[in-house]
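A.B. asks: Attaching a single structure in structure tokens format; questions to follow.
Residue numbers (my numbering): 2 to 68.
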């Protein structure tokens, strides 16, 4: 699990990780989407090309500081 300040930052990093993990023939489409800052599209492509046993998700987290 990683934590980012914004959802956009989290999606960008998740999309970069998805591309690095490989997308089974969808890499060109994913790279174009990444360049266009369509990070959710890259994440969707990852979901489509990987079995249910491979989980890569971006979701909101509610964290509290100790103070």
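Where is the CB? At the ideal position from N, CA and C, for every residue including glycine. No experiment lies behind these values; they were computed from the predicted model shown.
#1: In its own chain, which residues sit with a C-beta less than 6 angstroms from the C-beta of residue 35, not counting the 5 before and 5 after it?
#2: What residues in its chain sit with their C-beta under 6 angstroms from that of residue 50, if we drop five residues either side in the sequence?
#3: Is the CB-CB distance between residue 31 and residue 21 below 8 angstroms?
#4: Does DSSP put residue 11 in a helix, a strand or coil?
#5: Residues in its own chain within less than 7 angstroms of residue 13 by CB, not counting five upstream and five downstream?
C.D. replies: Inspection of the coordinates gives the following:
#1: Along the chain shown, one-based indexing puts residue 35 at 34. Closer than 6 angstroms at the Cβ level, and outside the excluded window around residue 35, lie 16, 43.
#2: By one-based count along the chain shown, residue 50 stands at place 49. Excluding sequence neighbours, residue 50 sits near 24, 25, 27.
#3: The residue given as residue 31 occupies position 30 in the chain shown. The residue given as residue 21 occupies position 20 in the chain shown. If you check the CB distance, residue 31 and residue 21 do not come in under 8 angstroms.
#4: The residue labelled residue 11 in the question sits at position 10 within the chain shown. Of the three classes helix, strand and coil, the one that applies to residue 11 here is helix, per DSSP.
#5: Working through the chain shown from its first residue, we reach residue 13 at position 12. So the list reads 40, once near-sequence residues are dropped.
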